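Here's the structure we're looking at; comments come further down.
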Amino acid sequence: MAASADSAGTLYAGELEIRLGEGLVLATGQALTLSVREFELLAAMATRAGAIVTRDELYREAWGGELRPGDRSVDVYVSKLRGKLEAAMPDRRFIHTHPGFGYRFQPEPSREGAVGTAAASPGAGIAADKRSRNVYIGASGD
1 MAASADSAGT LYAGELEIRL GEGLVLATGQ ALTLSVREFE LLAAMATRAG
51 AIVTRDELYR EAWGGELRPG DRSVDVYVSK LRGKLEAAMP DRRFIHTHPG
101 FGYRFQPEPS REGAVGTAAA SPGAGIAADK RSRNVYIGAS GD
């Protein structure tokens, strides 16, 4: 499911509501406390839901300049934003990293519970590391 927008400049991604004109984000009806940069990064990704947005594009949108070589600001703020979104809605995953390309905003059910449980059992760490992170194979009935 991608983000949908209404005529008032509000984006919806399931129970996440992003009010662009107000600088407000609601998760299941509760306001999230985001910094200006976090909000601008979220807005930049959510308005292009499903598409990969490069770190350069995100920097331009949130900071208004050109990303300097070695600058990790985008990564740091995306990490903080991801943490806040996942804390508010632990059953959902919104921001996906594409190493060497950028970030993609696309709401998906979280798989952390299942992966965390498997990795905690003895000998499961090796198998968990060899799984593709881009493919989800669920039990019948998922």
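Each residue of the sequence shown is one higher than the last, beginning at 1 in our numbering.
Cβ atoms here follow ideal geometry from the backbone N, Cα and C, with glycine treated the same way.
Just so it is clear, the structure is predicted and the values come from calculations on it, not from any experiment.
| Between the stretch 80-91 and the stretch 16-28, do at least 3 Cβ pairs fall closer than 8 Å? | Below 8 Å, enough C-beta pairs join the stretch 80-91 and the stretch 16-28 to call them touching: three or more.
| Unbroken alpha helix (DSSP H) runs of length 4 or more, entirely within the stretch 1-44: which are they? | If we require 4 residues or more, the stretch 1-44 turns out to have no alpha helix (DSSP H) run fully inside it.
| task | Report all residues from its chain with a CB closer than 6 Å to the CB of G21; omit the five preceding and five following residues, and keep chain order. | result | Position 21 of the sequence shown holds residue 21. Counting only residues of its own chain and dropping the five nearest sequence neighbours on each side, G21 has a CB closer than 6 Å to the CB of G9.
| task | For F173, count neighbouring Cβ atoms within 10 angstroms of its own Cβ and tell me buried if that reaches 16, exposed if not. | result | Outside the shown range of the chain, which is 1 to 142, sits residue 173, and nothing can be said about it.
| message | Could you tell me the alpha carbon to alpha carbon distance between G65 and A43, rounded to whole angstroms? | response | Position 65 of the sequence shown, counted from the start, is the residue given in the question as residue 65. Position 43 of the sequence shown, counted from the start, is the residue given in the question as residue 43. Rounded to whole angstroms, G65 to A43 spans 17 Å at the Cα level.
| Assumed close pair A62, L41 - CB separation to whole angstroms, cut-off 8 Å | Indexing the sequence shown from 1 puts residue 62 at position 62. Indexing the sequence shown from 1 puts residue 41 at position 41. Yes, they are in contact, since the Cβ atoms of A62 and L41 sit about 5 Å apart, within 8 Å.
| message | Is W63 close to chain B? Criterion is C-beta to C-beta, closer than 8 Å. | response | The structure shown contains no chain B; it holds only a single protein chain.
| said: Can you look up R131 in the DSSP assignment and give me helix, strand or coil? | reply: Start at 1 with the first residue of the sequence shown, and residue 131 comes out as number 131. Residue placement at R131 is poorly supported in this model, since its pLDDT is 37, which falls under 50; the coordinates still yield a value, given next. Note: R131 maps to coil in three-state DSSP.
| field | Helix, strand or coil at G83 [DSSP, three-state] | value | The count along the sequence shown starts at 1 and reaches residue 83 at position 83. Three-state result, G83: helix.
| Which listed residue (M45, V25, R93, F94) has its alpha carbon closest to that of V74 | As a position in the sequence shown, residue 74 is number 74, starting the count at 1. That would be M45, whose Cα lies nearest to the Cα of V74.
| message | Using only the alpha-carbon positions, how far apart do A27 and P69 sit? | response | By one-based count along the sequence shown, residue 27 stands at place 27. By one-based count along the sequence shown, residue 69 stands at place 69. The alpha-carbon atoms of A27 and P69 are separated by roughly 34 Å.
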